[in-house]
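One structure below.
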Amino acid sequence: MKILLSNIPAYIKDPERHYNGAGSQRWSATYKIRKGDPGAAEWKYMEYPFNIGYSTALLKRDTDWTVKAWDPCVLDLDVNDFRSYVKSYSPDILLVEVPTVAFPLMLPILGELKKEVGFKLAVSGPHITGIPEDTMNEYKFIDFGLVGEYELTLRELVNSYSKFPSGFEEIHGLAFRHGDSVKVNQRRMLIDPLDQLPFPDREDLPAQRYEDAVFADTPCIQMLSSRGCPVGCTFCVPIQTMFASSMYRRRSPKEIVDEMILVKDKYGARQVYFDDDTMVINKKHVQAVCQEIIDRKVDLPWSCMGDITIAEDALKMMADAGFCGIKFGVDSVTPQALKAVHKGTVTTDKVTTFVQKCKNLGIKTHASFVVGLPSDTREGVYNMVDYALHLGVDNAQFSIATPFPGTPFFEEAKAKGWLRTYDWTQYDGERTAVLNYPNLSSKEIEELRQYAVDTWFKHMVKTTMKNPKNMMLQIRRRGLKGSITGIKAVMKGKYVLNG
Ligand code: SF4
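According to our numbering, the sequence shown is numbered sequentially starting from 66.
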């Protein structure tokens with residue numbers, strides 16, 4: 066028996082829109098980029114699909130099935146390539162992780178393919194997790210919905226598959242068909258301890274081609290050291306949908322450092338990026354990881370997704386252990402907006418102090434901001450952009466506030482009549498605003514976001530020009546041709562800088 070676990074194609078019908086399929090981001094993302102355009106690859110932000118990677122490794126270890134993972138997104142392939150590959154592989158089960166933005170485009174294609182190939186279709190990711198019953202009622206050809214964190218659910222499904230079409234009532238985290246109705250079983254307990262999972266698969270998924278938060282050198286291979294975050298922002302897709310919990314779970318320092326050594330020795334990593342929800346929220350965890358790195362003399366720069374709460378002594382220890390950069394969310398500088406999404410602990414004073422501490426230790430910083438949160442105003446966004454310019458971070462990104470199904474933010478937007486559309490293809494979090502507030506329209510939000518991106522880009526060009534060291538670093542990473550092509554492309558508005 067064979068199972069294929071696949072990310073979605075990079076291009077689904079529209080060759081100018083590049084989908085980033087991984088389902089564990091705070092926002093689903095698409096990029097305006099042209100297939101095959103020279104320089105495109107140099108500017109591509111691409112998150113490693115951790116859920117698929119971990120599930121693949123687990124199935125390879127714990128089942129007797131033939132297991133294959135495939136990612137047309139990172140391979141820059143389109144929907145025709147996807148069709149051909151699935152047909153030629155001809156799996157018994159096809160597992161696809163589909164984010165909200167790609168759902169209406171991807172599902173009809175999966176329905177057609179299923180008719181031709183005859184596989185059972187399992188769909189995972191935050192969208193089906195948020196609204197499993199509605200989704201399976203709309204797309205009657207979905208056989209299984211995997212709700213929430215799904216590695217163990219998928220393993221149980223595969224190991225019970227011989228019982229098909231019955232026997233699925235006991236599998237927690239599974240949605241399945243029972244006659245004409247859809248049954249959604251109770252959620253599975255979150256995986257704890259995380260060390261029961263093997264290292265994620267990097268044989269089928271080309272680890273070196275994923276790129277995020279490159280603060281030092283490439284290949285910058287992505288890893289996880291923890292899952293979860295206790296803050297509980299109402300918009301946060303992984304916390305509110307995939308985990309539906311504020312529980313914070315950690316891997317053991319030994320396992321983490323074993324994996325760092327593996328990705329360095331086997332896959333040539335020259336930096337590791339921990340794409341946790343937040344790696345640093347638990348001081349003991351990050352200190353223990355640092356101690357393990359120091360004790361084992363691992364010479365490999367590393368960075369992480371984190372937050373500004375980390376204490377100075379821990380930050381110093383991180384720098385001593387090779388820590389080179391941090392991505393963190395500021396989200397807004399308007400206290401009412403932060404309070405409205407339950408992120409009331411961040412203040413501009415705290416952020417400014419944190420960035421200065423990082424600078425003193427030689428740690429690079431990347432801040433993310435959101436345009437169009439509840440209570441946002443035009444003036445608030447202008448203040449935010451001005452604040453970003455003077456903050457002294459090495460990079461900044463600006464997203465559009467987007468309420469994804471399954472989050473409290475979505476329920477609030479629905480209840481208060483803020484949702485402009487239920488056309489999921491517009492839920493891209495990058496260019497299209499789906500919220501209309503009484504005091505701020507979706508059009509204004511889109512304009513303000515574009516203003517933020519343009520202003521930041523001009524600032525970056527000026528800063529880079531003034532700093533030959535920075536320019537050399539970019540050229541070393543991208544190559545001269547890639548750097549020039551990338552800058553030209555950004556100036557023409559073809560690409561959105563991200564990650
Ligand atoms: S702090 Fe970050 S990871 Fe935590 S809930 Fe908020 S957005 Fe999600």
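Backbone N, C-alpha and C define an ideal beta-carbon position, used for all residues, glycine too.
Whole-number beta carbon distance between residue j and residue i, since they are thought to touch under 8 angstroms
i      : j      : result
His407 : Gly297 : 6 angstroms
Leu211 : Lys133 : About 18 angstroms; that fails the 8 angstroms criterion.
Arg485 : Leu505 : Incorrect: roughly 12 angstroms between the Cβ atoms, too far for contact.
Ile321 : Ser290 : 5 angstroms
Beta carbon of residue i nearer than 8 angstroms to that of residue j
i      : j      : result
Met344 : Met382 : no
Tyr110 : Thr95  : no
Ala517 : Val398 : no
Gly469 : Val302 : Rather than Gly, the amino acid found at residue 469 in this sequence is Phe. Yes. Within cutoff.
Val144 : Lys78  : yes
Ile358 : Ala386 : yes
Pro258 : Arg126 : no
Ala272 : Tyr113 : yes
Ile375 : Val411 : no
Phe184 : Phe209 : no
Lys422 : Leu380 : yes
Ser464 : Gly494 : yes
Asn8   : Arg316 : Outside the displayed range of the chain (66 to 564) lies residue 8, so it cannot be described from this structure.
Leu403 : Asp414 : no
Gln336 : Thr472 : no
Thr128 : Val247 : no
Ala405 : Ser440 : yes
Tyr226 : Gln287 : no
Thr497 : Glu477 : no
Phe206 : Gly244 : no
Environment of residue i [buried if 16+ CB atoms lie within 10 Å]
i      : result
Asp364 : exposed
Lys429 : buried
Glu509 : buried
Val351 : buried
Ala480 : exposed
Gly161 : Looking at the sequence itself, residue 161 is Val, so the reference to Gly does not match. So Val161 ends up on the buried side.
His431 : buried
Lys228 : exposed
Pro533 : exposed
Val526 : exposed
Met537 : exposed
Lys392 : buried
Met307 : buried
Asn72  : buried
Arg82  : buried
Glu276 : buried
Arg253 : buried
Inset, instruction - Please go through the region 415-492 and give each complete alpha helix (DSSP H) segment of 4 or more residues, from N-terminal end onward. - result: 443-456 and 473-480
Legend entry - Segments of 3+ residues assigned as beta strand (DSSP E) that fall wholly inside the region 132-172: 158-162
Inset, instruction - Just list the alpha helix (DSSP H) runs in the region 284-342, keeping only unbroken ones of 4 residues or longer that don't cross its boundaries, in chain order. - result: 318-332
Legend entry - Contained beta strand (DSSP E) runs [length at least 3] in the region 204-257, N- to C-terminal order: 209-211, 239-243 and 246-249
Legend entry - Sufficient close CB pairs (3 or more, under 8 angstroms) joining the region 278-293 to the region 176-192: no
Inset, instruction - Tell me, please, whether the region 482-491 touches the region 163-171 by the rule of three or more beta-carbon pairs shorter than 8 angstroms. - result: yes
Legend entry - Every unbroken alpha helix (DSSP H) inside the region 383-414 [4 residues or more]: 400-405
Inset, instruction - Inspect the CB distances between the region 211-220 and the region 117-133 and report whether three or more fall short of 8 angstroms. - result: yes
Legend entry - the region 444-451 / the region 517-528 touching (three or more Cβ pairs under 8 angstroms): yes
Inset, instruction - Say whether the region 227-245 touches the region 136-143, bearing in mind that this needs 3 or more beta-carbon pairs closer than 8 angstroms, one atom from each stretch. - result: no
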